[in-house]
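Chemist:
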Amino acid sequence: MDSRTNLYGLIGHPIQHSLSPEFQNKLIELFNINAAYLAFNVEKDQFENIKNTIKTLNIKGLNVTVPYKETIIPYLDKIDESANRIGAVNTIEYIDGQLIGYNTDAFGFIRMLKELNVNIDNHKAVVLGAGGAAKAIIYALEKLGIDDIMLCNRTIEKADRLLEKFNFKNKKISSLQDFQIEDDMLIINTTSLGLDENESPVVISKSVKNTILIDIIYNPFETKLIKDAKINGIYAVNGLPMLIYQGIESFKIWHKQIENPFIYYDNLYDNLLRKLVD
Ligand code: ATR
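Under this note's numbering, the letters of the sequence shown match residues 1205 to 1482, in that order.
Okay, here's the thing in structure tokens:
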């Protein structure tokens, strides 16, 4: 690092468990860029200063995480179409004196599905949870051209409000308790139930055909939901690939000169996997 090192980072609260600094700095190193990526734990009562702070310190790019993905929007000069539809920003670029907001979460989810090579044709999507994380997933499912969606949430009104903004041929809302697993489902857990290894948003206790389960939680590496699915022979994966793909896409926004940062995906995955399962 020297006097020309460009600063990038993550803002959130809390952020000490984030894996982003680890893999963003790895990418910086692999491409030999004069930059550094730090995690900034921003207290809620300091957040109103965020715009001036970024501009004053000439921070070139930031990732935004819980609880600021929505509250950051009024501080930005522009946001792109996906961030606007999702209603949340996870990436900021500071360029030509302007703060531009993007959302790479939906991209991360779509890329993960593509790379997993799973067939989602004719699948009914089931999203568990209707919080911030669910919005990006639902936007991605809309983009993928899914016809049928069921949104299961503890608070029904929240699910109703969220789904209103999106276009699907068939929309259903349900409580988590009423969920029944069936053939040909694409189930995505976006609730926080699973962060505790004994908790799960829904019960999976039977075998079904062609159903795919994705839990966006990656720590614990295998949630109870994933374990229950696997016991019943259901294909189930966690959200680590989504995390890495959204992060590489942010990196691509900041470092446009790098043509294909995705070549290092396996390298980043292996590093984080070792960290998470050790
Ligand atoms: P995020 O931005 O990470 O999605 P969030 O906006 O707080 O976080 O959303 C968390 C999701 O987990 C919500 O769907 C929440 O359900 P409610 O909308 O009913 O609040 C769900 N969730 C969290 N704790 C839960 C619990 N104990 N039981 C059922 N659902 C829970």
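All C-beta atoms, glycine included, are put in the ideal place defined by N, C-alpha and C.
1) So, for GLU1343: in the same chain, excluding its five sequence neighbours on each side, which residues have a beta-carbon less than 6 Å away from its beta-carbon?
2) Is ASN1423 near ASP1388, with beta carbons less than 8 Å apart?
3) Tell me which residues share the same chain as LYS1373 and place their Cβ nearer than 7 Å to its Cβ, disregarding the 5 neighbours each side in the sequence.
4) Which residue comes first and which comes last in the beta strand (DSSP E) that contains LEU1214?
5) When burial is assigned at 16 or more other CB atoms within 10 Å of the CB, is PHE1302 buried or exposed?
6) May I ask which residues mark the beginning and end of the alpha helix (DSSP H) holding TYR1343?
7) Answer yes or no: the CB of LEU1303 versus the heavy atoms of the ligand ATR, is any distance below 7 Å?
8) Ordered along the chain, which non-local residues of its own chain (more than five positions away) have a Cβ less than 8 Å from that of ASP1364?
9) What's the C-alpha gap between SER1409 and GLU1386?
10) Any chance the stretch 1253-1263 sits against the stretch 1220-1233, with 3 or more Cβ pairs inside 8 Å?
11) For VAL1246, name the three-state secondary structure that DSSP assigns.
12) If ASP1284 sits next to TYR1306, beta carbons under 8 Å apart, how far is it from one beta carbon to the other, in whole angstroms?
13) Would you identify the three-state DSSP class for ASP1206, choosing helix, strand or coil?
14) Checking 8 Å against the spacing of the C-beta atoms, do ALA1337 and LEU1366 come in under that value?
15) How is ILE1258 classed by DSSP in three states: helix, strand or coil?
16) Which residues in the same chain as GLU1453 place their Cβ atom closer than 7 Å to its Cβ, once the five residues preceding and following it in sequence are excluded?
17) Quick check on the DSSP output: the alpha helix (DSSP H) that includes GLU1285 runs from which residue to which?
18) Just verifying my parser: in three-state terms, what is the DSSP assignment at VAL1441?
19) Quick one: measure Cβ to Cβ for GLY1216 and THR1269, integer angstroms, because I've assumed they're closer than 8 Å.
Modeler: Walking through what the data contain:
1) The displayed chain sequence assigns Tyr, not Glu, to residue 1343. Hits under 6 Å: ARG1289, ILE1290, ALA1310.
2) no
3) ASP1351, ASP1352
4) 1210-1216
5) One detail in the question is off: residue 1302 reads as Gln in this sequence, not Phe. Per the 10 Å Cβ criterion, exposed.
6) 1336-1347
7) no
8) ILE1377
9) 11 Å
10) no
11) coil
12) 5 Å
13) coil
14) no
15) helix
16) THR1308, PHE1311, GLY1312
17) 1285-1290
18) strand
19) 4 Å
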